[in-house]
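Residue numbers (my numbering): 5 to 341. Glycine included, each C-beta is placed from N, C-alpha and C at the ideal position. Inspection log for the structure reproduced underneath, given as structure tokens.
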Ligand code: EPU
């Protein structure tokens, strides 16, 4: 186990905030994690935060507690039948390496989720999603440790997945640490290509393959989303709001180009990127924080911005969007103050 005091988190958050953790701990085994949560060291601090690769976090300043990170990176096929494989993966496995491994093996189900930053544990907390697929579609079960050192297995249903949401973000926030996730993958792919121009890109080279989907998704993401190594960011800063259909229809009459995705008979999801863009914020800066010029849903650190500066920009955007459309948009990124 690695243990550092007053540790710089610069390499652990994609927004590029140079803040420190009072204590940083990285464990290599489940037993090490148990020993740590039961230790006097753990009890000494009144707050803790578990991070993956820090790609969905915004630090407001130094963190005066414990920041924990998993180095559990085992991967094992634990069951198979004629159609499926169940793959159990350690929470610290880099998500996109897992997707790459699945595609190389011919295991289908996660190829649309290529190039998403982060790690396996966070995938199950956040219910990551892109290009018509959410990870809940392939999660079979999640193993997690409670702070008393006991292990619990959550079925997919018990994870209570919703759009970018789970039990681990809601009523059980901070109470469990995910150690392993078991994914159920398909031997025969069902291609999901109906989002945006994915089909056109994938079929340009002939019959779809898992690798062609992975390449196309990666290319689309690279063309829109800034590289955090160049421009600090945490992907989509806001979630896409879900509004009543009646409100959408009234808005659509006024703003005919407003896109939407149906949720059910009474609700639709509206892209926050479109709302921010058409409220005139795309590419605009406020101090050292800015709205990305190719995807308005992404806020970026122009260099040296503080978490507060980014939050001030986010608040101004929310206000303008609300004043123009009567829709409240909320951050997807976790602000840690
Ligand atoms: N749009 C604009 N202007 C913009 C950005 C978007 O008009 O600046 C419009 C687009 O033209 C399109 C619509 O908004 O009609 C949707 O845009 P896009 O396909 O880029 O997707 P998104 O809704 O902005 C969501 C996810 C992304 C995911 C993509 C693709 C959320 C919060 N974001 O973005 O996830 O990659 O769909 O599935 O749901 C992330 O969560 O960090 C993330 C990047």
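Under the three-state reduction of DSSP, residue 125 is assigned to helix. Counted as a single uninterrupted DSSP element, the beta strand (DSSP E) harbouring residue 147 occupies residues 143 to 150. Taking 3 residues as the minimum length, the beta strand (DSSP E) runs contained wholly in the stretch 49 to 134 are 52 to 55, 61 to 63, 67 to 74, 79 to 84 and 88 to 94, in order along the chain.
Annotation for residue 25: the continuous beta strand (DSSP E) segment containing it runs 24 to 31. Residue pairing by DSSP places residue 247 opposite 272 in a beta bridge.
A check of alpha carbon separations from residue 222 across 104, 62 and 125 identifies 104 as the nearest.
Inter-residue distance for residue 261 and residue 172 is about 36 Å (C-alpha atoms, whole angstroms). DSSP assignment within the stretch 196 to 248 yields the following whole beta strand (DSSP E) runs of 3 residues or more, N-terminal first: 236 to 240 and 246 to 248. Residue 185 is bridged by DSSP to 93 and 146. Relative to the ligand EPU, residue 123 has its C-beta separated by 7 Å or more from all heavy atoms.
Scanning 272, 115 and 67 for the CA closest to the CA of residue 167 turns up 272.
In this model, residue 9 and residue 315 are separated by some 27 Å (Cα to Cα). When C-alpha distances from residue 337 are compared across 102, 19, 178 and 292, the shortest belongs to 19. If you look at residue 312, you'll find it in the alpha helix (DSSP H) that goes 311 to 329.
Here the alpha carbons of residue 181 and residue 90 stand approximately 21 Å from one another.
Taking 8 Å as the cut-off, the Cβ atoms of residue 139 and residue 163 do not count as close.
Ranked by how close their Cα comes to the Cα of residue 227, the residues 119, 34, 294 and 186 have 119 in first place.
In the DSSP assignment, residue 174 falls outside any beta strand (DSSP E) and carries neither an H nor an E. Residue pairing by DSSP places residue 12 opposite 24 in a beta bridge. Using a cutoff of 7 Å, the CB of residue 275 counts as near the ligand EPU, since one of the ligand's heavy atoms is closer than that. Between the ligand EPU and residue 278, a heavy atom-to-CB distance of less than 7 Å is present. Nearest to residue 309 by C-alpha distance, out of 5, 16, 6 and 22, is 22. Taking a C-beta distance under 8 Å as the contact criterion, residue 321 and residue 280 qualify as a contact pair. Your pair residue 122 and residue 99 checks out as a contact, with CB atoms roughly 5 Å apart and the cut at 8 Å.
Nearest C-alpha to residue 335 among 302, 233, 151 and 253: 302. For residue 300, there is no enclosing beta strand (DSSP E), as DSSP gives it neither H nor E.
For residue 155, the enclosing beta strand (DSSP E) starts and ends at 155 to 159.
By a beta-carbon distance limit of 8 Å, residue 324 contacts residue 285. Their separation comes to about 7 Å. The criterion of a C-beta distance shorter than 8 Å is not satisfied by residue 242 and residue 64. The ligand EPU never approaches residue 237 closely enough for any of its heavy atoms to be under 7 Å from the residue's Cβ. Sixteen is the threshold: since fewer than 16 other Cβ atoms of the shown chains lie within 10 Å of the Cβ of residue 270, the residue is exposed. Per DSSP, residue 19 lies in no alpha helix (DSSP H) and is assigned neither H nor E.
Under the DSSP assignment, residue 37 falls in the alpha helix (DSSP H) whose first and last residues are 34 to 41.
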